[in-house]
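Number of protein chains: 2
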Amino acid sequence: MQRAGNFTETHAKHADRRLDPIDRREVSVRPSSSRDLSLTQLRYFVAAAEWESMTDAAASLYVAQSAVSTSIANLEDSLGAQLFIRRRAKGLLLTASGQELLARARDILAAIDDAVDVLRPDTISGRLEAACFSTLAPFYLPEILHGMSTRFPDLELQIRDLSADEINEAISTRAIEVALTYDLGLDPSIVRERLATVPVYAAVALDHPLAARGEVHLHELVDEPMVLLDLPVSRDYFLRAFTSLGLTPTVRHRFGSFEAVRSMVARGHGFTLLNQKPVGDYTYDGGRLHTLRVIDECPGMEIVIASASGPGALSRKARVFAEQCRRTLRAAGHVLEGAEDGVAVDVPGAVPSAVSGAVPADGVPPAAGYVAA
Amino acid sequence: MQRAGNFTETHAKHADRRLDPIDRREVSVRPSSSRDLSLTQLRYFVAAAEWESMTDAAASLYVAQSAVSTSIANLEDSLGAQLFIRRRAKGLLLTASGQELLARARDILAAIDDAVDVLRPDTISGRLEAACFSTLAPFYLPEILHGMSTRFPDLELQIRDLSADEINEAISTRAIEVALTYDLGLDPSIVRERLATVPVYAAVALDHPLAARGEVHLHELVDEPMVLLDLPVSRDYFLRAFTSLGLTPTVRHRFGSFEAVRSMVARGHGFTLLNQKPVGDYTYDGGRLHTLRVIDECPGMEIVIASASGPGALSRKARVFAEQCRRTLRAAGHVLEGAEDGVAVDVPGAVPSAVSGAVPADGVPPAAGYVAA
DNA sequence: CCCGTTGCATCTGATTTTCCGATGCAGCGC
DNA sequence: GCGCTGCATCGGAAAATCAGATGCAACGGG
């Protein structure tokens with residue numbers, strides 16, 4: 003409060019004593035119009051929102067708790083809005099205004115990071131928050147991370163594995179900038195860049211009668227017991243493969259775990275439909291699967307790069323990440339016919355260096371607006 | 003330089019004496035990673051770029067010239083890039099890096115303004131930089147400005163009238179956020195929202211043989227002398243009306259002024275094709291025109307809201323402006339069948355108030371990156 | 001060719017802001 | 001009931017920012 007007052011006085015004073023080439027209408031700018039409010043305030047606010055605690059935020063920022071407290075208090079009254087609900091002996095809770103500001107504040111800070119970044123054409127550094135759909139992670143993430151850490155050793159790439167819902171929320175609140183995920187259950191407002199389409203396949207035990215064949219029609223499976231991968235988004239997708247043909251599968255078991263499904267099938271408890279196929283195709287308990295191409299016309303599952311705003315509006319770091327994803331998926335054999343490879347990234351090929359401090363998992367605040375997987 | 007040094011020392015010192023819940027890897031964050039660099043620096047930089055002078059920028063900001071100088075110097079070495087070329091007794095010139103940063107800096111500052119703005123649901127205030135295509139301005143701008151100033155008296159709406167090229171540049175450098183313009187000659191990267199389509203009409207003098215009729219085929223005009231509105235973008239458009247039918251008009255006169263064309267036609271020097279029609283249809287020298295509907299299938303000229311990123315990513319101020327444009331064009335009778343009216347603006351209907359200090363033209367720096375019209 | 005002018009950089013003292021550490025205070029939970 | 005947690009507030013200290021004066025280099029008119 004004394005802040006706004008002091009500022010205005012200073013302002014007017016200088017206006018009096020300097021030459022004024024233009025009339026800035028001293029009056030009517032009264033309601034503290036954004037001219038105060040500093041980046042520090044935004045940073046502290048975002049940290050506090052992520053940690054749901056000023057104390058923890060202060061610790062993570064290496065400043066005193068009082069600094070965070072006063073900073074946020076100043077921010078609040080210069081915005082004229084309450085951002086947090088303070089629960090006495092508990093943490094903080096974002097108000098509606100706080101939610102609103104959080105995404106924008108993250109946007110702003112990311113934009114500043116990117117502005118700095120873009121003027122250093124030689125190196126990519128700083129931090130990028132990204133996500134990968136959980137079931138996708140074990141297949142591509144290791145290679146993607148490896149590629150990123152060798153090509154850009156100075157980039158702190160922070161990738162979480164999240165569910166579809168979590169990805170939606172993380173993108174809309176800007177907790178992450180990009181995500182590698184299936185194009186299933188994403189909010190319509192989210193922008194996608196299609197990277198690959200992975201086909202559905204059926205799998206049975208090695209001693210199953212169908213194991214002698216290489217492909218199968220879905221109607222041949224409709225009376226077999228099915229083991230369904232029962233995840234929020236994939237569930238409907240696999241069932242739709244049948245229902246879109248007018249068939250109703252006989253779901254015998256449902257599991258939320260990919261490996262549970264596979265081991266059950268390997269032991270002869272039925273067949274399943276899946277997208278991803280581990281190399282070797284061993285199950286955790288040593289079994290193996292026989293996979294069958296599905297002859298029917300089945301829409302494959304699309305792997306996309308999802309973000310709040312389309313490519314081009316992405317930061318340089320995010321564009322580099324997207325390009326690494328494209329590269330990795332292509333190397334994995336998932337070629338997409340019309341894959342738009344045009345989004346060039348203005349980074350020199352590679353900066354081979356020690357693969358030392360790559361991808362540290364430090365300083366990551368817990369459960370910031372979404373539940374950790 | 004002493005700045006980065008001091009900061010780092012402080013940082014390390016605190017890290018030593020506080021509890022460190024997370025390892026932040028003190029090293030390797032050496033190249034001044036965006037943590038310094040303030041909004042003030044960005045503001046001063048943008049002002050200096052706009053005025054092409056630190057002295058003028060300082061005056062317009064009511065600060066000492068030394069403040070701008072040191073601020074920009076600090077910004078430069080914390081970015082590790084030179085932003086300006088200093089010409090000794092002349093002004094400043096943006097370097098390539100400076101150009102790059104300018105658009106982003108404007109983006110950031112606008113985003114901050116908007117973040118502040120969005121938390122004040124009752125009023126719209128602050129400043130919005132917009133543009134209107136020159137020949138469009140006299141028809142709609144007065145009404146748009148009137149509507150804006152009565153509904154949002156606290157908004158400083160700064161509208162320039164620009165040519166197509168100038169609009170392209172102003173949008174890409176973020177000198178303006180939105181523009182009301184024809185969809186002609188816009189960069190592909192610019193996002194458009196179609197507001198209306200205005201048809202082509204032909205005009206002749208009142209004593210012209212065709213003046214007895216209400217409509218005409220273009221092939222009837224092909225041998226008549228044509229007076230062409232010869233502006234960079236409209237030129238090709240009007241000629242294409244003929245050439246797309248395989249016709250070649252007989253261009254007798256070319257004028258860059260809308261009114262010159264009209265008065266020539268009214269005096270019987272030929273016919274013309276135009277889009278806009280002033281009410282009354284008087285010319286400056288008192289003449290009048292007879293207008294003829296063109297029977298042939300002619301694509302109308304599209305009036306659009308142009309911006310760097312699509313609606314939705316626009317600031318609240320810009321969305322309000324776009325909505326006022328839609329409203330004004332609709333009231334003018336230019337209804338567009340599929341006009342997407344869905345982009346709701348969360349502002350209460352109107353805040354009727356004194357139409358006092360509306361639309362001041364103060365503090366506008368000259369020729370910032372583009373030539374003034 | 002000289003010299004006044006222009007325009008940015010630099011220096012110094014002063015003001016303002018920000019920060020730290022300590023203390024206060026209000027609820028939560030054992 | 002009482003220790004504990006977590007944010008607010010206060011006072012002194014450190015740091016950044018600023019204004020004004022000065023320096024310096026080049027442009028341009030006479």
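Respectively, the protein sequence lines represent chains A and H. Counting in my numbering, the first sequence runs from 3 upward without gaps. Counting in my numbering, the second sequence runs from 3 upward without gaps. We put the CB at the ideal spot given by N, CA and C, even for glycine. Everything numeric in this text was worked out from a predicted model, so none of it was measured.
Notebook entry, point to check: Does the stretch 205-223 of chain H come within contact of the stretch 146-164 of chain H, defined as at least 3 CB pairs closer than 8 Å?
Noted result: Remark: fewer than three beta-carbon pairs, one from each stretch, lie closer than 8 Å, so the stretch 205-223 of chain H and the stretch 146-164 of chain H are not flagged as touching.
Checklist line | Separation of A:D232 from A:S259, as counted between CA atoms | finding: Roughly 8 Å between the two C-alpha positions.
Next item on the list: Give the residues of chain A in contact with H:R194, contact being defined as C-beta atoms less than 9 Å apart.
Entry: Under the 9 Å cutoff, chain A gives no residues; its nearest Cβ is about 15 Å from H:R194.
Note to self: Please identify the residue among H:R256, H:T274, H:V180 and H:Y284 whose C-alpha is closest to the C-alpha of H:A324.
What the structure shows: Of H:R256, H:T274, H:V180 and H:Y284, the residue nearest in Cα terms is H:V180.
Margin query: According to DSSP, simplified to helix, strand and coil, what is A:R196?
Written below: In the structure shown, the three-state DSSP call for A:R196 is strand.
Check: For the stretch 261-274 of chain H against the stretch 227-247 of chain H, are there 3 or more C-beta pairs whose distance is under 8 Å?
Finding: Taking 8 Å as the limit for Cβ pairs, the verdict is that the stretch 227-247 of chain H does touch the stretch 261-274 of chain H.
Notebook entry, point to check: Ordered along the chain, which non-local residues of its own chain (more than five positions away) have a Cβ less than 8 Å from that of H:I87?
Noted result: These residues qualify, in order along the chain: L94, L95, L96 and T97.
Check: Between the Cα of H:E195 and the Cα atoms of H:Q43, H:C327 and H:A60, which residue gives the shortest distance?
Finding: When each option's Cα is compared against that of H:E195, the closest is H:C327.
Checklist line | First and last residue of the uninterrupted beta strand (DSSP E) at A:D124 | finding: For A:D124, no beta strand (DSSP E) encloses it, and the DSSP letter there is neither H nor E.
Notebook entry, point to check: Just curious, the beta strand (DSSP E) that H:R295 is in, first and last residue?
Noted result: Judged by DSSP secondary structure, H:R295 falls within the beta strand (DSSP E) whose first and last residues are L291 to V296.
Notebook entry, point to check: Looking at the C-beta of A:D124, does it have a partner C-beta in chain H at a distance below 8 Å?
Noted result: A:D124 does not count as touching chain H.
Checklist line | Where the alpha helix (DSSP H) through H:T42 begins and ends | finding: Looking at the DSSP string, the run of the alpha helix (DSSP H) that includes H:T42 is L41 to W53.
Checklist line | Unbroken alpha helix (DSSP H) run spanning H:E168, endpoints | finding: Looking at the DSSP string, the run of the alpha helix (DSSP H) that includes H:E168 is A166 to S174.
Notebook entry, point to check: With respect to the alpha helix (DSSP H) encompassing H:S151, which residues constitute its N-terminal and C-terminal limits?
Noted result: H:S151 -> alpha helix (DSSP H) spans A139 to R153.
Note to self: Below 8 Å on the Cβ atoms is my contact criterion, and I expect H:L164 with H:S136 to pass it. Report the Cβ-Cβ distance as a whole number of Å.
What the structure shows: Correct: roughly 7 Å between the Cβ atoms.
Check: Looking at H:Y203 and H:T57, is the spacing between their C-beta atoms short of 8 Å?
Finding: The answer is no: Cβ separation not under 8 Å.
Margin query: Given this structure, state the Cα-to-Cα distance separating H:T125 from H:M150, to the nearest angstrom.
Written below: So the alpha carbons of these two residues sit roughly 12 Å apart.
Notebook entry, point to check: At which residues does the beta strand (DSSP E) containing H:S309 begin and terminate?
Noted result: From DSSP, the beta strand (DSSP E) with H:S309 extends over M303 to S309.
Notebook entry, point to check: Just how far apart, CA to CA, sit H:V200 and H:L331?
Noted result: Approximately 10 Å, taken between the alpha carbons.
Item checked: Under 8 Å between C-beta atoms of A:D115 and A:G100 -> In this structure, A:G100 does not lie closer than 8 Å to A:D115 by Cβ.
Notebook entry, point to check: Between which two residues does the beta strand (DSSP E) carrying A:A205 extend?
Noted result: Note, A:A205: beta strand (DSSP E), Y203 to A207.
Check: Between the C-alpha atoms of H:L121 and H:L111, what's the straight-line distance to the nearest angstrom?
Finding: Approximately 16 Å between the Cα atoms of the pair.
Margin query: Once DSSP output is grouped into helix, strand and coil, what is the label at A:Y284?
Written below: The three-state secondary structure of A:Y284, taken from DSSP, is strand.
Notebook entry, point to check: Relative to chain H, which residues along the stretch 102-116 of chain A have a C-beta separation below 8 Å, given in chain order?
Noted result: Flagged, chain order: E102, L103, R106, A107, D109, I110, A113, I114, D115 and D116.
Note to self: Taking 8 Å as the limit between beta carbons, can you name the residues of its chain near A:G216, skipping five residues before and five after?
What the structure shows: Closer than 8 Å at Cβ, skipping near neighbours: L294 and R295.
Next item on the list: Please check the pair H:F273 and H:E226, which I expect to be a contact at CB under 8 Å, by giving their CB distance rounded to whole angstroms.
Entry: Correct: roughly 5 Å between the Cβ atoms.
Notebook entry, point to check: Between H:V82 and A:R89, what straight-line distance do the alpha-carbon atoms span, to the nearest angstrom?
Noted result: What sits at residue 82 of chain H in the sequence shown is Gly, not Val. Those two C-alpha atoms are separated by around 44 Å.
Check: Does the beta-carbon distance from H:A59 to H:A66 come in below 8 Å?
Finding: No, Cβ-Cβ distance for H:A59 and H:A66 is not below 8 Å.
Check: Which word fits A:P251, buried or exposed, when buried means at least 16 other C-beta atoms lie within 10 angstroms of its C-beta?
Finding: With 16 or more Cβ atoms within 10 Å of its Cβ, A:P251 is classed as buried.
Checklist line | Coarse secondary structure for A:R88, derived from DSSP in three states | finding: It is a strand residue.
Notebook entry, point to check: I think H:S317 touches H:D79, with their Cβ atoms under 8 Å apart; what is that distance to the nearest whole Å?
Noted result: Wrong, their Cβ atoms sit about 31 Å apart, outside the cutoff.
Next item on the list: Can you give me the start and stop residues for the alpha helix (DSSP H) that A:L331 sits inside?
Entry: It spans R318 to A333 - the alpha helix (DSSP H) in which A:L331 sits, taken as one unbroken run.
Next item on the list: Apply the 10 Å Cβ neighbour rule to A:Y286 and answer buried if 16 or more other Cβ atoms are within range, or exposed otherwise.
Entry: By the Cβ neighbour-count rule, A:Y286 is exposed, with fewer than 16 other Cβ atoms within 10 Å of its own.
Notebook entry, point to check: Does A:L186 come within less than 8 Å of chain H when only Cβ atoms are used?
Noted result: Not closer than 8 Å to any Cβ of chain H, the Cβ of A:L186 fails to qualify, so no.
Next item on the list: Pull up the distance between the alpha-carbon of A:L143 and that of A:C134, whole angstroms please.
Entry: Each residue's Cα considered, the two are about 8 Å apart.
Notebook entry, point to check: Residues of chain H with CB under 9 Å from A:A83, in chain order?
Noted result: The CB of A:A83 comes closer than 9 Å to the CB of L121 and R122 in chain H, given here in chain order.
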